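Take the sequence shown: its position 180, counted from the start at 1, is 181 in our numbering, and no numbers get skipped. For each residue, glycine too, the CB sits at the ideal point set by N, CA and C. All values derive from a computational prediction rather than experimental measurement. Everything below concerns the one structure shown next.
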Amino acid sequence: MRSHLLNDTTAESYRRSVTEGIERVAAKLATTTRPFTGVTVDALTPRIDAIDLDKPLLDTAAVLDELEEVYLRDAVYFHHPRYLAHLNCPVVIPAVLGEAILSAVNSSLDTWDQSAGGTLIERKLIDWTTARIGLGDNADGVFTSGGTQSNLQALLLAREEAKVNTTAGLRIFASEVSHFSVKKSAKLLGLGQDSVVSIPVDHDKRMQTVALAHELERCRRDGLVPMAVVATAGTTDFGSIDPLPEIAELCEQYGAWMHVDAAYGCGLLASLRHRDRIDGIERADSVTVDYHKSFFQPVSSSAVLVRDSSTLRHATYHAEYLNPRRMVQERIPNQVDKSLQTTRRFDALKLWMTLRVMGADGIGQLFDEVCDLAVEGWKLLAADPRFDVVVTPSLSTLVFRYIPTAVTDPAEIDRANLYARKALFASGDAVVAGTKVSGRHYLKFTLLNPETTVDDMAAVLDLIAGHAEQYLGESLDRAS
């Protein structure tokens with residue numbers, strides 16, 4: 002079995018195996034005509050259950066044939082222009098090349114003696130990102146597995162910087178449409194269910210700063226501690242961007258840590274035309290960015306950035322076998338000193354390859370294209386009497402609802418929209434997301450593919466309307 006170990010004696014076998022796998026994927030990408038096959042859980046489960054993992058096939062080609070049956074054929078393909086659902090972007094080729102390299106070399110970014118140049122590349126990209134944000138010369142950060150981990154680490158730092166004897170009185174303020182990871186982080190940090198104060202949003206789904214000021218003042222009046230305000234630069238549902246300058250002023254006034262969750266909106270850091278939409282982010286104490294959302298990187302590629310590098314000490318632990326304290330005096334850079342993780346992939350290499358091949362402007366151009374596409378989609382929806390669209394887009398998300406002319410019962414309209422989404426997914430012709438607005442079911446386009454066109458959106462809207470009308474027709478037939 003040593004013949005399967007990647008080393009100097011198996012380099013040619015490695016080349017053949019990886020090439021064969023790449024060719025399979027390339028052929029699939031070239032011939033995929035729909036984002037999904039519509040396979041059901043009940044249909045796919047028996048195929049995978051029937052595989053005996055204790056009986057290997059002992060042949061790469063045979064395994065790839067099997068993989069075609071249980072994965073490649075029925076995978077959801079984000080590169081397809083009619084995949085319009087979640088915050089999953091098509092990926093750029095330089096990043097995929099970086100993925101192949103980092104997987105083969107298998108560096109671990111926790112210590113210098115496991116990564117060497119990888120450590121310095123990650124640090125260079127952190128510096129590049131903090132400079133784009135404008136956090137200042139003392140800024141720092143570290144790559145993470147995703148926005149949830151980044152938000153958790155940021156709020157951990159905020160908790161420690163609050164410098165209180167008990168966490169019972171700590172409060173976190175976030176808009177009612179902020180990411181669920183804010184509440185999840187509060188729970189993991191032992192802050193209690195009441196620690197997150199939900200701030201209402203305006204018509205454009207942006208945090209109401211008047212309401213935030215009121216809650217901060219009440220917090221102070223009640224003898225509680227405003228630990229952090231989480232501003233969102235790109236909410237998951239609406240792509241809305243909170244008023245960052247006003248929030249920064251309030252954080253300064255009340256002594257609260259300002260965290261900006263820019264997991265989605267970080268693409269504006271490379272934008273050629275829309276960077277001003279996140280003005281004020283430079284005043285944050287910490288920022289979450291997800292390159293795997295709006296920098297067209299493969300999962301995972303994310304980071305948490307901080308204005309004051311010294312605050313990262315709250316995540317620092319030393320072990321003699323890994324990163325003894327003497328290494329700090331010896332100026333040996335160990336990234337584990339900053340991270341919640343120990344063993345950690347060299348995900349930074351994907352962004353490095355992308356910047357070196359395409360440049361930041363290349364990324365920004367792609368992100369600007371999807372933001373512009375969302376504006377065209379909004380116009381399309383606003384002009385179509387079959388649909389109600391919620392807000393004008395700040396990024397590349399559209400939330401809307403099919404409204405039939407002959408049915409007025411909101412619950413029945415809910416069911417029609419739910420049915421349309423499920424039927425569309427089952428057909429495999431397109432994939433859209435769903436959410437709730439004011440308790441009612443809505444549908445969602447998350448536009449992250451520059452290859453998607455207005456014609457694609459129009460076609461998907463027609464499909465949605467057709468499925469909804471079919472459901473309502475059958476519902477009326479059943480009722481009669």
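For the pair MET259 and ILE248, the CB atoms are nearer than the 8 angstroms cut-off. In the three-state reduction of the DSSP assignment, SER108 falls in the coil class. It is roughly 32 angstroms from the alpha-carbon of LYS206 to the alpha-carbon of LEU126. Look at ARG346 here: in three-state DSSP terms it is coil, with no helix or strand label. Across the set CYS220, LEU110, THR61, LYS294, the C-alpha of THR61 shows the shortest separation from the C-alpha of ARG16. In the structure shown, PHE368 adopts helical secondary structure according to DSSP, grouped into three states. In this structure, the straight-line span from the alpha carbon of PHE239 to that of ALA51 is close to 42 angstroms. Boundaries of the alpha helix (DSSP H) harbouring LEU153: 148-162, taken from the DSSP string. Taking C-alpha positions only, LYS437 is separated from LYS164 by approximately 38 angstroms. Within 10 angstroms of the beta-carbon of ASP66 lie fewer than 16 other beta-carbons, which makes it exposed. Distance from the CA of LEU425 to the CA of THR398, rounded to the nearest whole angstrom, comes to 19 angstroms.
Counted as a single uninterrupted DSSP element, the stretch harbouring MET328 is not any beta strand (DSSP E) but the alpha helix (DSSP H) occupying residues 327-330.
For VAL64, the closest of VAL300, ARG345, ARG25 by C-alpha to C-alpha distance is ARG25. The DSSP-derived three-state label of PRO227 is strand.
Measuring C-alpha to C-alpha distances from ARG284 to each of LYS29, THR32, PRO244, LEU356 identifies PRO244 as the nearest.
It is roughly 29 angstroms from the alpha-carbon of LYS185 to the alpha-carbon of ARG133. ASP389 sits in a strand when the DSSP states are folded into three classes.
For ALA187, the enclosing alpha helix (DSSP H) begins and ends at 182-189. Residue range 432-438 is occupied by the beta strand (DSSP E) that includes LYS437.
LEU473 is a Cβ neighbour of ALA417, given a cutoff of 8 angstroms. In terms of Cβ geometry, VAL307 and GLY142 form a close pair [threshold 8 angstroms]. ALA86 is the residue among PRO47, ALA86, VAL19, LEU68 whose C-alpha sits nearest the C-alpha of PHE37.
In the three-state DSSP reduction, VAL290 falls in the strand class (E or B). Taking a C-beta distance under 8 angstroms as the contact criterion, VAL198 and THR236 do not qualify as a contact pair. Rounded to whole angstroms, the gap between the alpha carbons of ASP456 and LEU374 is 11 angstroms.
The Cβ-Cβ distance between VAL376 and ASN450 does not fall below 8 angstroms. Bridge pairing for TRP129: absent [DSSP]. Distance from the Cα of THR317 is smallest, within the candidate group ILE102, ALA271, GLU69, LEU158, for LEU158.
One thing to note: SER176 has its Cβ within 8 angstroms of the Cβ of THR233. Two segments are said to touch when three or more pairs of C-beta atoms, one from each, lie closer than 8 angstroms; by this definition the segment 358-369 touches the segment 287-307.
Annotation: LYS339 is outside any beta strand (DSSP E) and is labelled neither H nor E by DSSP. With the rule of 3 Cβ pairs closer than 8 angstroms, the segment 96-104 does not count as touching the segment 321-328. Around the beta-carbon of MET208, 16 or more other beta-carbon atoms lie within 10 Å, marking it buried. Across the structure, ASP415 and HIS80 are spaced so that their CA atoms are roughly 30 angstroms apart. The shortest C-alpha to C-alpha distance from ASP262 to any of GLN254, ASP286, ASP277 is the one to ASP286. For the set LEU448, ASP385, VAL358, VAL288, the Cα lying nearest the Cα of PRO95 is the one of VAL358.
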